[in-house]
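Worksheet for the structure shown next.
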Amino acid sequence: MIFTVAIDGPAAAGKGTISRAVAEAFGFAHLDTGALYRAVGVKGGDPVLAAQSLTAEDLARDDLRTLGAGQAASRVAVNPEVRAALLAFQRRFARRDGGAVLDGRDIGTVICPEAEVKLFVTASAQVRAQRRWLELGGEAGERPLAGVLAEVRERDDRDMNRADAPLRPAADAVMIDTSELTAEAAIARAVAVVRARLAVMPRG
Ligand code: C5P
Numbered sequence: 697m698i699f700t701v702a703i704d705g706p707a708a709a710g711k712g713t714i715s716r717a718v719a720e721a722f723g724f725a726h727l728d729t730g731a732l733y734r735a736v737g738v739k740g741g742d743p744v745l746a747a748q749s750l751t752a753e754d755l756a757r758d759d760l761r762t763l764g765a766g767q768a769a770s771r772v773a774v775n776p777e778v779r780a781a782l783l784a785f786q787r788r789f790a791r792r793d794g795g796a797v798l799d800g801r802d803i804g805t806v807i808c809p810e811a812e813v814k815l816f817v818t819a820s821a822q823v824r825a826q827r828r829w830l831e832l833g834g835e836a837g838e839r840p841l842a843g844v845l846a847e848v849r850e851r852d853d854r855d856m857n858r859a860d861a862p863l864r865p866a867a868d869a870v871m872i873d874t875s876e877l878t879a880e881a882a883i884a885r886a887v888a889v890v891r892a893r894l895a896v897m898p899r900g
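Plus 696 on top of the position in the sequence shown (first one is 1) and you've got the numbering used here.
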């Protein structure tokens with residue numbers, strides 16, 4: 697069965713948590729497409745060459761989740777040639793047999809406009825910055841909350857205002873605002889949308 701769940705939204709809105717849970721609930725494969733851009737961003741050198749020659753090792757680096765890697769990713773992600781180099785792999789993954797969940801910024805709009813389910817997961821910048829800050833250690837960490845908020849806003853601004861594949865909800869996306877939801881509640885909403893769509897899939 698070909699069945700794609702496209703999950704888009706800004707940084708730290710809860711896409712990763714929801715995507716992993718949806719993939720597990722339905723036995724679908726999961727691709728965190730942000731990791732591709734992060735790997736290109738931290739690799740250094742010519743980003744187009746890096747995107748064209750990305751390896752499994754690049755994707756297994758343990759420094760991909762840092763704030764710096766996120767910023768580097770959003771800088772290389774404005775380059776249309778970088779995006780083009782990563783397109784075919786993502787499309788193939790989306791339409792693989794057995795179902796796939798992809799999370800990113802342009803999955804429902806560019807990578808897989810034919811996705812059976814499109815979710816746009818969002819939350820206020822303040823809430824997203826707070827979550828990122830807690831992940832980085834909160835009061836005991838090295839980053840002040842105001843600095844993390846500024847980085848979240850800078851990345852949102854770059855992702856939403858780039859010319860190629862800007863971050864925006866697809867016209868047919870279901871919106872999930874996680875600002876005031878627990879992770880469990882957000883997951884339950886996403887799972888319900890997928891289940892409802894699966895129920896009307898033609899058999900065979
Ligand atoms: O989702 P994550 O925070 O890991 O993404 C890092 C950056 O990669 C984003 O800020 C965005 O600039 C870029 N990205 C993208 N398209 C995607 C996934 C990520 O442009 N599908």
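Glycine included, each C-beta is placed from N, C-alpha and C at the ideal position.
**Message:** When you compare the region 840–848 with the region 880–893, are there three or more beta-carbon pairs, one atom per stretch, that lie closer than 8 Å?
**Reply:** no
**T762, DSSP secondary structure in three states** = coil
**Request:** Decide if P898 is buried, meaning its Cβ has at least 16 other Cβ atoms within 10 Å, or exposed.
**Result:** exposed
**Own chain residues within Cβ distance below 6 Å of C808, not counting five before or after** = T700, A702, A790
**Item:** Local conformation of I803 per DSSP, three classes
**Value:** helix
**Request:** Pull up the CB-CB distance for L755 and V736, whole angstroms please, since I reckon it's below 8 Å.
**Result:** In fact, because the Cβ distance is near 10 Å, the residues do not count as touching under 8 Å.
**Request:** Mark R901 as exposed unless 16 or more other C-beta atoms lie within 10 angstroms of its C-beta, in which case mark it buried.
**Result:** The shown model of the chain, from 697 to 900, leaves out residue 901, and the question about it has no answer.
**Message:** Quick check on V774: does DSSP put it in helix, strand or coil?
**Reply:** coil
**Asked** Between V844 and the rest of its own chain, which residues show a CB-CB distance below 6 Å, the 5 nearest in sequence each way excluded?
**Response** A825, R828, W829
**Request:** Would you check whether ligand 1 has a heavy atom nearer than 7 Å to the C-beta of I703?
**Result:** no
**Asked** beta strand (DSSP E) containing M871: first to last residue?
**Response** 870–873
**Message:** Among A721, G795, V817, L727, whose alpha-carbon lies nearest the alpha-carbon of L783?
**Reply:** L727
**Item:** DSSP-derived helix/strand/coil call for L863
**Value:** coil
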